[in-house]
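Colleague: Mature numbering (1 follows the signal peptide of the UniProt record, and there is no 0) puts the sequence shown at residues -29 to -1, 1 to 775.
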Amino acid sequence: MEERSWRCSTKGLLLLCTLIFPFVNCGHADEQVPLGGAAENDTLLWGPYRPNLYFGVRPRQPNSLLAGLMWANADSFEAVTQGLRHTCEQGEDMHGYGWDEYDARAGGRQTIHDKGNKIDLTIDFVKSPGPGGGSWAARVKGQPMKGAPHDITTTMFFHVGLEGLGQLGFGEETNQKGDVVLEGKSDKLGDFSIGVTQPKKNKFPKKTHASWDLRPLDQTLITSLHVPPEHLWAARNIIMADIKPTIDRYGKEFGQENIPPAYAAFTISNEPKTASNFHIVQKILVGAFDFDIIYNSGAGPRLSSADLDKQIAANSKSFKAKFDQILKPLAPFTKAEFTTFSQSLFSNLLGGVGYFYGDSLVDRSYAAEYDEENEGFWEETAEARARAQVMFDENKELFTAVPSRPFFPRGFLWDEGFHLVPIAEWDLDMTMSILSSWFNLMDNDGWIAREQILGPEARSKVPQEFQVQYPHYANPPTLFMIIETLVAKLESKSLPADQVQKVQAHLSSIYPLLKRQYLWFRRTQSGDIKSYDREAPSTKEAYRWRGRSVQHILTSGLDDYPRPQPPHPGELHVDLFSWVGMMQRALIAVSTYLSETDDAATFTAHHTALLKNLDALHWNDHHKAYCDASIDDYEESYHVCHKGYISLFPFMTGLLPATHPHLPHVLALIGDPEELWSPYGVRSLSQKDDHYGTDENYWRSPIWVPMNYLIVKQLHAVATSPDAPKAVKTTATGLYDELRENLVSNVYRQWKDTGFAWEQYNPETGKGQRTQHFTGWTSLVVSIMAMEPLGGGSGKGGGSHGEL
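#1: Is the segment 300 to 317 touching the segment 337 to 346, taking contact as three or more C-beta pairs under 8 Å?
#2: Under 7 Å Cβ to Cβ from residue 757, same chain only, skipping five residues before and after it: list those, please.
#3: Leaving out the 5 sequence neighbours to the left and right, which residues in its chain are closer than 6 Å to residue 636 when beta-carbon positions are compared?
#4: Below 7 Å CB to CB, which residues in the same chain sit around residue 807 once its five sequence neighbours on both sides are set aside?
#5: Apart from the five residues just before and just after residue 92, which ones in its own chain have a Cβ nearer than 6 Å to its Cβ?
#6: For residue 52 and residue 259, I'd like the C-alpha separation in whole angstroms.
#7: Whose C-beta lies closer than 6 Å to the C-beta of residue 689 among residues of the same chain, with five residues either side of it excluded?
#8: Looking at the structure shown, is residue 61 part of a helix, part of a strand, or coil, going by DSSP?
#9: For a quick check, are the C-beta atoms of residue 582 and residue 623 less than 7 Å apart?
#10: Since I believe residue 101 is in contact with residue 13 (beta carbons under 8 Å), could you give me their beta-carbon distance rounded to a whole number of angstroms?
#11: State the Cα-Cα distance for the pair residue 664 and residue 617, rounded to the nearest angstrom.
#12: So the alpha helix (DSSP H) residue 787 belongs to, where does it begin and stop?
#13: Is the separation between the beta-carbon of residue 651 and that of residue 584 shorter than 7 Å?
#14: Please report the distance separating the alpha-carbon of residue 380 from that of residue 242.
#15: Can you tell me the Cα-Cα spacing of residue 309 and residue 719, whole angstroms?
#16: What would DSSP say about residue 4, mapped onto helix, strand or coil?
#17: Return the residue from the list 471, 685, 514 and 470 that minimises the CA-CA distance to residue 490.
#18: Is it buried or exposed, residue 360, if we count other Cβ atoms within 10 angstroms and call 16 or more buried?
#19: Consult DSSP for residue 435 and reduce its assignment to one of helix, strand or coil.
#20: State the DSSP-derived secondary structure class of residue 373, mapped to helix, strand or coil.
#21: Which full runs of the alpha helix (DSSP H) of 4+ residues lie inside the segment 159 to 242, going along the chain?
#22: Assign residue 675 to one of three DSSP states: helix, strand, or coil.
#23: Just the C-alpha distance for residue 185 and residue 389, rounded to the nearest angstrom, thanks.
#24: Determine the extent of the alpha helix (DSSP H) in which residue 756 is found, giving its start and end residues.
#25: Identify which residue in 161, 67 and 294 has its Cα closest to the Cα of residue 36.
#26: When the Cα atoms are used, what is the spatial distance from residue 319 to residue 289?
#27: Use the C-beta contact count for residue 286: other C-beta atoms within 10 angstroms, 16 or more gives buried, fewer gives exposed.
#28: Could you compute how far the alpha carbon of residue 123 sits from the alpha carbon of residue 238?
#29: Could you compute how far the alpha carbon of residue 331 sits from the alpha carbon of residue 365?
#30: Do the CB positions of residue 784 and residue 503 come within less than 7 Å of each other?
#31: Applying the 10 Å Cβ sphere with the 16-neighbour rule, what's the burial state of residue 400?
#32: Using the rule of at least 16 other Cβ atoms within 10 Å of the residue's Cβ for burial, across every protein chain shown, is residue -22 buried or exposed?
#33: Going by other Cβ atoms of all chains shown within 10 Å of its Cβ, with 16 needed for buried, is residue 221 buried or exposed?
#34: Could you say which of 701, 424 and 21 lies nearest to residue 384 if we only look at CA atoms?
#35: Given this structure, state the Cα-to-Cα distance separating residue 422 from residue 387, to the nearest angstrom.
#36: Counting Cβ pairs closer than 8 Å, one from the segment 125 to 138 and one from the segment 32 to 50, do we hit at least three?
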């Protein structure tokens, strides 16, 4: 993922539209899929839907309420300036943070081990669903870490801003020595109040300086500001700007040698108003502490501090019972520590779901160079991008999980299909809302931007050179995996009747968009068979990623994986070929279920032709592997074989039946410790490849959980297939059991040692590396743990399974 790619498509009609109406968005699709009914909105309206913050709450509505928490150790000015926490960051001195338990409809518990500030925070988030989205509360507890001073001082800021129409201000109930209450009203939320409590057991700094008389620190400090709505997201900057005059004034009044202690000087202006659009509540607390933040909807039900203990306990009990029923780890992961680990990873995945709204940068120039038809095309496309007049697309909304809260707190198209694998088992309605949200982003051509950078808050976390999206760039269509899951659940007849109706309605509404995106792939990512006299049963089924450079095919998602050199417009890419095959299979399933007989026949014909072309175009008999293809100096097609994930794609996407003649070679490659097998998972590239571990080494050796998940899933399918030959079944069973245990055990060890799940894992040591808190697709180990053991294999490495 390291700034992971974009995508494209050139359409004459859209180009004409853009030229005639340059200020009109010609691309956005007319069809919109419903995101859920009123009942679902009552339970899913509110959540920690600002995953870029350590704790940030908002409703699933545009131009609405934004709330968040910020804190620092306040024992010294250095501690405050270096340890102020707000947005999740990789470089901060944390020893793990995230959700231990979380259900999107009830709430959960997040713990934050802030080693730098010597404090452990526990935040219990409770939802009470009702009309208009109901009410919610957060109980914030601080506990000094072992070895911290008993009188450690922590300064806490709760902030809330109102983006849209309405009013918000401190009410008459506010008492700065007790509870403070904000009263509000908005066009979307109606009447509401937000209370922040001050329990009597909390301790405060002692009076040590004359500034205390100006601003008693045993009170809650509150202030109100008018902020341009488009800047409300930047709470840290707003708060720091409000604090600076206080520090400057104290410096002038008392002198630099007698300036108040940091916890007294680093304080807000303390000017509350009855009406404003941004409000800050600050507490300066000593030692252990707790307080509640309670949002009560005017439509009810109401929450109070007295309710929270009971609801927190009930939510925890309910979560654990549901988890045991749906995602309980199976042998050999039956110890309690694996359950805790699995619950944490899943809760962080679900607690990392966010709601995003805003505009995005899109190059809709549709330059001819973007077709990439000439040799040297990567230079031509770079020049076209440099001269393009990039425009802001219209505001859009997205409800999605995110790959990593500190580094990738936004939606990524190819990640999301993997994210939804465990979520679909937990909450099918929420899964369908997320799917609808993604497909509603589709334009009339069938394109969905690979990276969703919606609005200035999202753009603040992305380098400028990666912000622009291109409507000719594709990305692996993993959402179609979840379409297959939905159809399979319907066909299994295991869903209750009301759920069947919802899934059927969802598939019917989303079906035209599925077709449109598939046809976009066929049209814009087609590969050339005819021009190079390639021998293949079909002249249509061949595919090539657009958007490649000499070093990368970012659009493939496997950024720096070795590809043909130099790039050539005649290339064919086996991974894209396999993804399209998976799309076809999903469309056959859904069109058949919906009785779209003509479409089913068309998709079946496409898929039959694709399967015939697979071996003709991509199998290399010398290397006994599936390979990319390119064109040599004599205009002849040849294979470019870099054994690794690329070679496994036909297998990983389920295109190889258990009886396929090449399957034994694929299994041997997976299980060969001199090629791909390691004690920690399957490597991305063979150790024998000249490019192994070179240059960026992003997809050139490391172990990636999503690819290993696909391998484990297909090994299980082969091992349990009644059609599998005995030798194939034995090999697949042994590989499945051993890979499942190796992979999960290593991710668990790294999580236990570091407090984090990681983006990738080192194939030599198993160490987690690159992005930390990668609780997006790395959370697939939850699904792997919940898969059944088959009881095969020697448990001594893949080498013993590679011989057939």
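Where a beta carbon is used, it is the ideal one built from N, C-alpha and C, also for glycine.
Modeller: Quick look at the numbers:
#1: no
#2: Around residue 757: 298, 299, 300 and 301.
#3: Taking C-beta separations shorter than 6 Å and ignoring five residues to either side along the sequence, the partners of residue 636 in its chain run 595, following chain order.
#4: The displayed coordinates of the chain run from -29 to 775. Any statement about residue 807 would go beyond what the structure contains.
#5: Annotation for residue 92: 83 and 113 place their beta carbon closer than 6 Å to its own, counting only its chain and skipping 5 residues before and after.
#6: 22 Å
#7: Excluding positions up to five away in sequence, the list reads 629, 695 and 703.
#8: coil
#9: no
#10: 6 Å
#11: 16 Å
#12: With the chain running from -29 to 775 in the structure shown, residue 787 is simply not present.
#13: Cβ atoms of residue 651 and residue 584: not closer than 7 Å.
#14: 33 Å
#15: 8 Å
#16: coil
#17: 514
#18: Per the 10 Å Cβ criterion, exposed.
#19: helix
#20: coil
#21: 182 to 185, 206 to 225 and 233 to 236
#22: coil
#23: 55 Å
#24: 752 to 756
#25: 161
#26: 17 Å
#27: buried
#28: 17 Å
#29: Here the alpha carbon of residue 331 sits roughly 7 Å from the alpha carbon of residue 365.
#30: The structure shown does not extend to residue 784, since the chain spans only -29 to 775, so no value can be given for it.
#31: buried
#32: Because the pLDDT at residue -22 is just 33, under 50, the model does not fix this residue reliably, and the value given afterwards should be weighed accordingly. By the 10 Å Cβ count, residue -22 comes out buried.
#33: buried
#34: Comparing Cα positions, the closest option is 424.
#35: Straight through space, the alpha carbons of residue 387 and residue 422 are spaced by roughly 11 Å.
#36: yes
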